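Colleague:
Residue numbers (the working numbering), protein chains in the order written: chain F, 1 to 241; chain V, 242 to 482.
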């Protein structure tokens, strides 16, 4: 059996019981080195196979190969494995290679949900997830989604908002969003959520300082009804109060 | 302290460690009766305050009142409390009434993530959440969001897709989606996910039988690259394989 497990944002308190139990019971763990560290206390006596960033395909292939040999294997993602994580690649490779192995995906807390809990209640109305990385989705497609989401007044969660290699995509996305949303629209940013160095901020599109945003940030842009209160952002559900 | 806790879809294996621990340590639990039952084994000796459907405002007010008296209180939602759950209402009421209490939201596994894990890997590219209930959002706004999401080829998760009181909204939404997505677009439906009577299906927009969908279903409509394989739905991330 190959288990594909989402660890949540990092704090083991946010691991599900099922994820923890399967990690503890499975002899082989495969993962990105940074995420392996997050569960190092659970890995005593196990075979640990880790590699670096951009090694996703190699990592998934290794996990599939071991499972094909009849071994029980866990491959880990941060957040939820099914959201920009390893679950898709595992299923893609399994289907292309017609591998006769069993795959079980164990859900986890994705970054938007963890950040939202700390930022207030920004996701209480319809929302979308958009990754601003154009490594695997053409920027034209990303930009079209940003535009559609802004026009229909979704709350917008931006994954991979900004990195040293892509310093300008966030600004480009915000410029598209500003065609439809006011500069006073509330924005929340969670950086290193549920880790020791977590920093949260609630501001507006106009006042957002992009340089505070990095690889481990998630940006949540409110809808026209989202308001700020005591450093939190709140999107009304629509109750008459 | 008022803790707002998402239980996940129902199976306690999908509860986070933090959620379980806080429920166990807190003397007062407030919730919708159906969700109270999901954690009844954790509630021995506690004060349990429960009411029925559509009692959300009353329930939240009760929890806020008890917290205002200085008590430690848990209010529960299914899924994640911040996604169509109690977190927003708690924050809205706290802000409107200027209540001097501390609120902590504990994240949980929302229905789309739980269903996606069982349906394959449908959420591996940009996606959105839309609730088809027009009880609190005007249908024109919902319809505009469905249209925008379909046009920009998001994967679309439909919450509250169909009930006896709203039997036709799903059909209306699918008709909008079919203006932009092919009838062969892959659709997954998870009903009672992570509960004993769970039923999952992977089909297409054309073949979807709406009468199989109810209050406890979540519908996930793929993007143009989503494909079906061995009863699962897989949305490619964009890797060159």
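Note that the Cβ used here is the ideal one computed from N, Cα and C, for glycine as well. Predicted, not measured: the structure shown is a model, and the values here were computed from it.
State yes or no: is the C-beta of residue 386 of chain V nearer than 7 Å to some heavy atom of the ligand MN?
Modeller: You won't find the ligand MN in this model; it holds no ligand whatsoever.
Colleague: Cβ of residue 237 of chain F less than 8 Å from any chain V Cβ?
Modeller: Mapped onto the first chain, residue 237 of chain F falls at position 237. Interface residue, yes.
Colleague: Indicate whether at least one CB of chain V lies closer than 8 Å to the CB of residue 89 of chain F.
Modeller: Sequence index remark: in the first chain, residue 89 of chain F carries index 89 (1-based). Cβ-Cβ to chain V under 8 Å: yes for residue 89 of chain F.
Colleague: Quick check: the Cα distance between residue 222 of chain F and residue 63 of chain F, rounded to an integer number of angstroms?
Modeller: Here the question's residue 222 of chain F lines up with position 222 in the first chain. Here the question's residue 63 of chain F lines up with position 63 in the first chain. When the Cα atoms are used, residue 222 of chain F and residue 63 of chain F turn out to be separated by approximately 39 Å.
Colleague: Does the contact criterion of 3 or more C-beta pairs under 8 Å hold for the stretch 122–139 of chain F versus the stretch 15–31 of chain F?
Modeller: no
Colleague: Closest Cβ-Cβ distance between residue 451 of chain V and chain F: below 8 Å?
Modeller: Locating residue 451 of chain V in the second chain gives position 210, where the first residue counts as 1. Not an interface residue.
Colleague: To which residues of the same chain is residue 66 of chain F closer than 7 Å at the C-beta, ignoring the five residues directly before and after it?
Modeller: On the first chain, residue 66 of chain F is found 66 positions in, with the first residue counted as 1. Taken in chain order, the residues that qualify are 28 and 73.
Colleague: Considering only their Cβ atoms, is the gap separating residue 347 of chain V from residue 435 of chain V smaller than 8 Å?
Modeller: Indexing the second chain from 1 puts residue 435 of chain V at position 194. Indexing the second chain from 1 puts residue 347 of chain V at position 106. Result no, Cβ atoms of residue 435 of chain V and residue 347 of chain V do not sit closer than 8 Å.
Colleague: When DSSP builds the beta bridges, which residues end up paired with residue 438 of chain V?
Modeller: Here residue 438 of chain V corresponds to residue number 197 of the second chain, with the count starting at 1. Note: residue 438 of chain V sits in no beta bridge, so no partner.
Colleague: By Cβ distance below 8 Å, which residues in the same chain neighbour residue 52 of chain F in space, the five residues on each side in sequence not counted?
Modeller: Sequence index remark: in the first chain, residue 52 of chain F carries index 52 (1-based). Excluding sequence neighbours, residue 52 of chain F sits near 32 and 33.
Colleague: Hey, how far is the Cα of residue 442 of chain V from the Cα of residue 1 of chain F?
Modeller: Looking up residue 442 of chain V in the second chain gives position 201. Looking up residue 1 of chain F in the first chain gives position 1. A straight line joining the alpha-carbon of residue 442 of chain V with that of residue 1 of chain F spans about 22 Å.
Colleague: Quick one: Cα of residue 103 of chain F to Cα of residue 77 of chain F, how far?
Modeller: Within the first chain, residue 103 of chain F is the residue found at index 103, counting from 1. Within the first chain, residue 77 of chain F is the residue found at index 77, counting from 1. Cα to Cα, the separation comes out at about 15 Å.
Colleague: Could you check which residue in F:131, F:179, F:151 and F:187 has the C-alpha nearest to that of residue 162 of chain F?
Modeller: Position 162 of the first chain holds residue 162 of chain F. Nearest of F:131, F:179, F:151 and F:187 to residue 162 of chain F, Cα basis: F:131.
Colleague: Could you please give the first and the last residue of the uninterrupted beta strand (DSSP E) stretch that includes residue 50 of chain F?
Modeller: If you number the first chain from 1, residue 50 of chain F lands on position 50. Note, residue 50 of chain F: beta strand (DSSP E), 47–51.
Colleague: Take residue 149 of chain F and list the residues in its own chain whose beta-carbon comes closer than 6 Å to its own, dropping the five residues that flank it on each side.
Modeller: Along the first chain, read from residue 1 onward, the residue named residue 149 of chain F stands at position 149. 128 and 156.
Colleague: Check the DSSP bridge columns for residue 127 of chain F and list the partner residues they point to.
Modeller: Position 127 of the first chain, counted from the first residue, corresponds to residue 127 of chain F. Answer by DSSP bridge pairing, in chain order: F:155 and V:370.
Colleague: Among the residues of its own chain, which have a CB less than 6 Å from the CB of residue 461 of chain V, if the five just before and after it don't count?
Modeller: Taking the second chain and counting its residues from 1, one reaches residue 461 of chain V at position 220. Same-chain partners within the cutoff: 363, 398 and 429.
Colleague: So, are the CB atoms of residue 332 of chain V and residue 234 of chain F less than 8 Å apart?
Modeller: Here residue 332 of chain V corresponds to residue number 91 of the second chain, with the count starting at 1. Here residue 234 of chain F corresponds to residue number 234 of the first chain, with the count starting at 1. Yes, the pair counts as a contact, with Cβ atoms nearer than the cut-off.
Colleague: I'd like to check one pair, residue 16 of chain F with residue 282 of chain V: are the Cβ atoms closer than 8 Å?
Modeller: Counting from 1 along the second chain, the entry for residue 282 of chain V is found at position 41. Counting from 1 along the first chain, the entry for residue 16 of chain F is found at position 16. Contact flag unset, no.
Colleague: Enumerate, from N- to C-terminal direction, the unbroken beta strand (DSSP E) stretches of 3 or more residues contained entirely within the stretch 302–331 of chain V.
Modeller: 314–318
Colleague: Starting from residue 298 of chain V, find everything on chain F with Cβ-Cβ shorter than 8 Å and list it in chain order.
Modeller: Within the second chain, residue 298 of chain V is the residue found at index 57, counting from 1. Listed by position along chain F, the residues whose Cβ is nearer than 8 Å to that of residue 298 of chain V are 239 and 241.
Colleague: Can you give the Cα-Cα distance for residue 309 of chain V and residue 335 of chain V, rounded to whole angstroms?
Modeller: Walking along the second chain from the start, residue 309 of chain V turns up at place 68. Walking along the second chain from the start, residue 335 of chain V turns up at place 94. Rounded to whole angstroms, residue 309 of chain V to residue 335 of chain V spans 10 Å at the Cα level.
Colleague: Can you tell me whether residue 438 of chain V is buried or exposed? The criterion is at least 16 other CB atoms within 10 Å of its CB, across all chains shown.
Modeller: The count along the second chain starts at 1 and reaches residue 438 of chain V at position 197. Residue 438 of chain V comes out exposed.
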